[in-house]
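Notes for the one structure printed next.
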Amino acid sequence: MATTKAKYNIKAVSQMLGIQPGTLRAWERRYKMIRPSRNEAGHRLYTDEHIRILKWLMEKVDKGFTISQAVSLLESNEEAVTHTEQQENRTQLDKIGDQLLDSLLSFNENEAQRHLDHAFSLFTPETVAIDIIGPILVKIGDLWEENKITSAHEHFASQFIRSRIGMMLLSIPSDSMLPKALLVCGPNERHELGLLIFALFLKRKGYDVIYLGQSIAGGDIDIVINEIDPAYMFMSCTLKKNIPITIRLAEALQREFPSLKIGLGGYAYDRLSELDKKRIQPFIVGNSKRAWEQWLQKN
């Protein structure tokens with residue numbers, strides 16, 4: 001298994017892979033496919049995992065792909081890593097996720113920061129959000145429903161995660177050439193962390209994301225849509241009792257704004273029967289990166 005110790009400076013990586021340091025820095029800033037750590041002097045340090053990712057990207061570029069296309073392939077996992085490497089990455093993701101969850105449930109913010117920073121040094125922000133933070137949110141929700149943790153544990157963990165994802169969201173530039181996407185929780189919904197992760201996914205793909213968060217007053221959404229004219233609107237629903245009113249709102253908005261592409265996501269929809277899911281299938285975005293990709297391609 002490749003070591004996760006950061007030990008190569010940018011000059012060494014440049015010589016190993018035949019890529020100019022300036023090009024490498026530009027790729028990192030634009031595509032954020034790796035997050036090298038820094039030494040005390042502020043210089044980048046790369047791990048064997050970073051070298052493997054960069055080598056794979058270089059091979060794709062040499063075969064005629066643009067760097068943008070190569071990064072898209074890497075992030076969609078369509079052919080980026082071998083089965084063994086996937087297993088190694090999965091083990092590493094699970095390990096960091098368990099450590100982060102333990103820190104959060106111990107109210108240890110410094111340890112949680114350290115584990116999350118370590119995750120970002122190894123994987124893309126998208127991978128960290130979807131494959132580490134997403135499962136943690138599900139586990140915390142389950143533990144709280146089973147009365148195995150207190151509301152204080154849930155609030156502390158949620159606030160920590162919301163803060164970090166929010167900062168990531170603000171730090172990613174939007175591409176004004178791509179469509180606008182309006183994101184808001186469904187009626188009566190207050191749980192927005194899953195929607196934040198989806199916002200990060202869209203922002204990383206370059207979409208111009210307008211993030212509203214928790215549900216807003218009835219009727220206000222029409223005003224927002226008229227003002228910003230988004231191509232997409234996504235609503236999140238985590239409580240099953242809020243599904244009917246969310247669907248009614250989606251259907252009403254679809255009639256009022258026929259060209260608006262509306263998507264519904266959130267774990268509440270997983271609890272629907274297959275028949276109910278089929279009735280609203282065009283709206284359902286899903287809860288995985290692959291499902292999100294497929295929905296965007298179809299719409």
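In terms of UniProt numbering, the sequence shown has 19 at position 19, counting the first letter as 1, and numbering is strictly consecutive. Glycine residues also receive a C-beta, built at the ideal position from the N, C-alpha and C atoms.
> Three-state secondary structure (DSSP) at L45?
Replying inline: Counting from 1 along the sequence shown, the entry for residue 45 is found at position 45. Strand.
>> Going by DSSP, what residue range makes up the alpha helix (DSSP H) through Y31?
In response: Residue 31 sits at position 31 when you count from the first residue of the sequence shown. Unbroken alpha helix (DSSP H) run through Y31: 21-31.
> K261: buried (16+ other C-beta within 10 angstroms of its C-beta) or exposed?
Replying inline: Position 261 of the sequence shown, counted from the first residue, corresponds to residue 261. With 16 or more Cβ atoms within 10 Å of its Cβ, K261 is classed as buried.
>> Counting C-beta neighbours from all protein chains within 10 Å, is the total for L57 16 or more, i.e. buried, or is it exposed?
In response: The residue you call residue 57 lines up with position 57 of the sequence shown. Per the 10 Å Cβ criterion, buried.
>> Let's test the definition: count the other Cβ atoms within 10 Å of the Cβ of F107 and tell me whether it reaches 16, buried, or not, exposed.
In response: Working through the sequence shown from its first residue, we reach residue 107 at position 107. Answer is exposed; the Cβ neighbour count stays below 16.
> Got a sec? Which residues, its chain only, sit under 8 Å from T127 by beta carbon, not counting five neighbours each side?
Replying inline: Within the sequence shown, residue 127 is the residue found at index 127, counting from 1. Only E75, L93 meet the Cβ criterion.
>> Assuming L101 and I149 are in contact, meaning their beta carbons sit under 8 Å apart, how far apart are those beta carbons, in whole angstroms?
In response: Position 101 of the sequence shown, counting from 1, holds the residue named residue 101. Position 149 of the sequence shown, counting from 1, holds the residue named residue 149. Taking 8 Å as the upper bound for CB-CB distance, L101 and I149 are not in contact here, some 10 Å apart.
>> Beta-carbon within less than 7 Å of E78's beta-carbon, same chain only, minus the 5 sequence neighbours each way: which residues are those?
In response: Position 78 of the sequence shown, counted from the start, is the residue given in the question as residue 78. Reliability of the predicted coordinates at E78 is poor, the pLDDT of 49 falling under 50, and the value obtained from them is presented with this limitation in mind. The answer is none, since no qualifying residue turns up.
> Are the beta-carbon atoms belonging to C237 and E189 less than 7 Å from one another?
Replying inline: Indexing the sequence shown from 1 puts residue 237 at position 237. Indexing the sequence shown from 1 puts residue 189 at position 189. Yes. Within cutoff.
> Taking the continuous beta strand (DSSP E) assigned at A181, which residues delimit it?
Replying inline: Position 181 of the sequence shown holds residue 181. From DSSP, the beta strand (DSSP E) with A181 extends over 180-185.
>> Looking at L122: is its Cβ nearer than 7 Å to the Cβ of E28?
In response: Here residue 122 refers to the residue found at position 122 of the sequence shown. Here residue 28 refers to the residue found at position 28 of the sequence shown. Their beta carbons are not under 7 Å apart, which means L122 does not touch E28 by this criterion.
> Run through DSSP, which three-state label would I280 get?
Replying inline: Counting from 1 along the sequence shown, the entry for residue 280 is found at position 280. In this structure, I280 counts as coil in the three-state DSSP scheme.
>> Per the DSSP calculation, residue 300 is bridged to which residue(s)?
In response: This structure gives no information on residue 300, because the portion of the chain shown stretches from 1 to 299.
>> At the level of alpha carbons, what is the spacing between Q254 and A12?
In response: To locate residue 254, count along the sequence shown from 1; it is residue 254. To locate residue 12, count along the sequence shown from 1; it is residue 12. Taken atom to atom, the span from the alpha-carbon of Q254 to that of A12 is near 55 Å.
>> As a quick exercise: from G213, V209, F198, pick the residue whose alpha carbon is nearest that of H191.
In response: One-based indexing of the sequence shown puts residue 191 at position 191. Answer by Cα proximity: G213.
>> Do I34 and P21 count as a contact pair if the criterion is CB distance below 7 Å?
In response: Here residue 21 corresponds to residue number 21 of the sequence shown, with the count starting at 1. Here residue 34 corresponds to residue number 34 of the sequence shown, with the count starting at 1. Result no, Cβ atoms of P21 and I34 do not sit closer than 7 Å.
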